[in-house]
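Visitor: Per this note's numbering, the sequence shown starts with residue 233, numbered consecutively.
Can you keep this structure in mind? I'll have questions shortly.
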Amino acid sequence: MDTNIGTKLSKGMELQFKNLAWNLLLRVCMKYSNSNNKQIHQVTTTDEVLKLRQQGLSHKQIAIKLGFNRCTVSTFIRKNNIDKDIQWCKPEANTTSFKARIDNGEQGIVEEWLTTKVYPFIKKTKECWEWSEKTNTKGYGHVNGILNNPITLHKLMYAVNTNKLNKYGIPCISGFVLHKCDNKLCCNPAHLYEGTAKDNFEDMRERGQLSSVMSNQKLVSDVITIDEMKRLYYEEKLTQTEIGNKLGFKQVTVSAFMKKYNI
Ligand SMILES: [Zn+2]
Numbered sequence: 233m234d235t236n237i238g239t240k241l242s243k244g245m246e247l248q249f250k251n252l253a254w255n256l257l258l259r260v261c262m263k264y265s266n267s268n269n270k271q272i273h274q275v276t277t278t279d280e281v282l283k284l285r286q287q288g289l290s291h292k293q294i295a296i297k298l299g300f301n302r303c304t305v306s307t308f309i310r311k312n313n314i315d316k317d318i319q320w321c322k323p324e325a326n327t328t329s330f331k332a333r334i335d336n337g338e339q340g341i342v343e344e345w346l347t348t349k350v351y352p353f354i355k356k357t358k359e360c361w362e363w364s365e366k367t368n369t370k371g372y373g374h375v376n377g378i379l380n381n382p383i384t385l386h387k388l389m390y391a392v393n394t395n396k397l398n399k400y401g402i403p404c405i406s407g408f409v410l411h412k413c414d415n416k417l418c419c420n421p422a423h424l425y426e427g428t429a430k431d432n433f434e435d436m437r438e439r440g441q442l443s444s445v446m447s448n449q450k451l452v453s454d455v456i457t458i459d460e461m462k463r464l465y466y467e468e469k470l471t472q473t474e475i476g477n478k479l480g481f482k483q484v485t486v487s488a489f490m491k492k493y494n495i
């Protein structure tokens with residue numbers, strides 16, 4: 233009998249304890265989400281979030297921009313009925329119109345593209361500024377430009393900082409943009425510098441990104457693209473030896489590379 237009462241008592245207590253723990257957890261969660269909602273009010277307004285939604289930013293992208301988690305932003309948007317008003321404004325904000333507007337002579341379009349398509353997705357810390365969207369096959373941050381051209385983020389941000397963007401927002405830098413920090417996603421201009429193909433090559437070797445068994449031809453394709461090679465050869469009219477000197481390779485390697493890719 234005594235043991236039965238004992239088990240009943242302990243079962244009752246267990247249940248009570250479970251309830252207590254559950255309530256506590258719920259309260260902490262609610263407090264957390266409420267406080268996040270409060271905080272989000274401190275850093276932005278419903279009008280501002282509506283504007284971002286109209287520019288085509290997703291909940292997640294807005295969350296990254298404001299430094300909150302996606303759930304908090306979604307709750308904020310739902311509570312304030314923000315998404316209700318955006319559907320019919322969305323098609324205006326697509327990348328194809330940027331080019332048309334530039335061709336039309338409108339000013340400040342590159343800046344607008346940067347502000348809506350690039351800056352919101354850079355997570356700034358005290359040290360590195362990390363790109364939070366797509367990366368290319370080499371692991372560098374990557375964005376589609378105004379002409380739908382692929383641009384690496386660190387090169388873009390370096391060009392923004394040194395005023396080397398052309399009218400379509402394409403970085404005009406003949407050299408390579410290299411990292412002082414060892415973070416491929418970083419696009420903090422303070423961590424970037426301009427170097428030659430040879431610097432890039434040595435930099436990669438130093439960081440162990442090149443394996444010694446790779447063929448020379450593969451190495452050429454690591455420091456220069458086929459298009460860039462074509463440009464040097466046909467537009468700048470450099471000889472294979474001159475290209476080799478520029479890139480840090482022998483003429484025969486350049487020649488083999490050009491043969492391989494029908495340049
Ligand atoms: Zn960095």
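From the three backbone atoms N, C-alpha and C, an ideal C-beta is built for every residue, glycine too.
Between the segment 417–430 and the segment 357–366, can you find at least three pairs of beta-carbon atoms closer than 8 Å?
Guide: Result yes; three or more Cβ-Cβ pairs closer than 8 Å.
Visitor: Kindly list the residues whose CB is nearer than 7 Å to the CB of Trp-345, restricted to its own chain and excluding five residues on each side of it in sequence; keep chain order.
Guide: By one-based count along the sequence shown, residue 345 stands at place 113. Within the same chain, Trp-345 has close Cβ partners Phe-330, Ile-378 and Gly-401.
Visitor: Take Gly-407 as the anchor and find which of Cys-413, Phe-433 and His-273 has the nearest alpha-carbon.
Guide: Taking the sequence shown and counting its residues from 1, one reaches residue 407 at position 175. Looking at the Cα atoms, Phe-433 is the closest of the given residues.
Visitor: I'd like to confirm something about Glu-468: is its beta-carbon nearer than 7 Å to some heavy atom of ligand 1, or not?
Guide: Position 236 of the sequence shown, counted from the start, is the residue given in the question as residue 468. Glu-468 Cβ: outside cutoff for every heavy atom of ligand 1.
Visitor: Should His-291 be labelled buried (16 or more other beta-carbon atoms within 10 Å of its own) or exposed?
Guide: One-based indexing of the sequence shown puts residue 291 at position 59. Buried.
Visitor: Which value, in whole angstroms, describes the spacing of the CA atoms of Thr-428 and Lys-482?
Guide: Along the sequence shown, one-based indexing puts residue 428 at 196. Along the sequence shown, one-based indexing puts residue 482 at 250. Distance between the alpha carbons of Thr-428 and Lys-482: 16 Å.
Visitor: So the candidates are Asn-376, Val-350 and Lys-370; which of them puts its Cα closest to the Cα of Ser-364?
Guide: Sequence index remark: in the sequence shown, residue 364 carries index 132 (1-based). The shortest Cα separation from Ser-364 among Asn-376, Val-350 and Lys-370 belongs to Val-350.
Visitor: Which residue spans inside the segment 283–364 form an unbroken beta strand (DSSP E) run of at least 3?
Guide: Within the segment 283–364, the complete beta strand (DSSP E) runs of at least 3 residues are 354–356 and 361–363.
Visitor: Hey, Leu-397 and Val-409: beta-carbon distance below 8 Å or not?
Guide: Taking the sequence shown and counting its residues from 1, one reaches residue 397 at position 165. Taking the sequence shown and counting its residues from 1, one reaches residue 409 at position 177. Contact flag unset, no.
Visitor: Would you report the Cα separation of Gly-246 and Ala-253, rounded to the nearest angstrom?
Guide: To locate residue 246, count along the sequence shown from 1; it is residue 14. To locate residue 253, count along the sequence shown from 1; it is residue 21. At residue 246 the sequence reads Glu, which differs from the Gly that was named. If I take the Cα positions, the gap works out to 10 Å.
Visitor: DSSP puts His-411 in a beta bridge; with which residues?
Guide: As a position in the sequence shown, residue 411 is number 179, starting the count at 1. According to DSSP, which records beta bridges pairwise, His-411 is partnered with Leu-424.
Visitor: How about Glu-359: is its Cβ closer than 7 Å to a heavy atom in ligand 1?
Guide: Reading the sequence shown from its first residue, position 127 is the one you call residue 359. Checking every heavy atom of ligand 1 against the Cβ of Glu-359, one is found closer than 7 Å.
Visitor: Report the option in Asp-279, Lys-399 and Glu-280 whose CA atom is closest to the CA atom of Asn-336.
Guide: Taking the first residue of the sequence shown as position 1, residue 336 is located at position 104. Considering only alpha carbons, the answer is Lys-399.
Visitor: For the beta strand (DSSP E) that contains Ile-383, what are its first and last residues?
Guide: One-based indexing of the sequence shown puts residue 383 at position 151. It spans 382–384 - the beta strand (DSSP E) in which Ile-383 sits, taken as one unbroken run.
Visitor: Let me make sure I understand the geometry here. Which of Gly-299, Lys-250 and Thr-278 has the alpha-carbon closest to that of Lys-356?
Guide: Residue numbering aside, residue 356 sits at position 124 when the sequence shown is read from its first letter. The shortest Cα separation from Lys-356 among Gly-299, Lys-250 and Thr-278 belongs to Gly-299.
Visitor: Kindly indicate which residue of Met-490, Ser-487, Val-281 and Arg-310 has the alpha-carbon position closest to the one of Thr-532.
Guide: In the structure as shown, the chain starts at 233 and stops at 495, and residue 532 therefore has no counterpart that could be examined.
Visitor: Kindly indicate which three-state DSSP category Gly-373 falls into: helix, strand or coil?
Guide: Residue 373 sits at position 141 when you count from the first residue of the sequence shown. Looking at Gly-373 - three-state DSSP - the assignment turns out to be strand.
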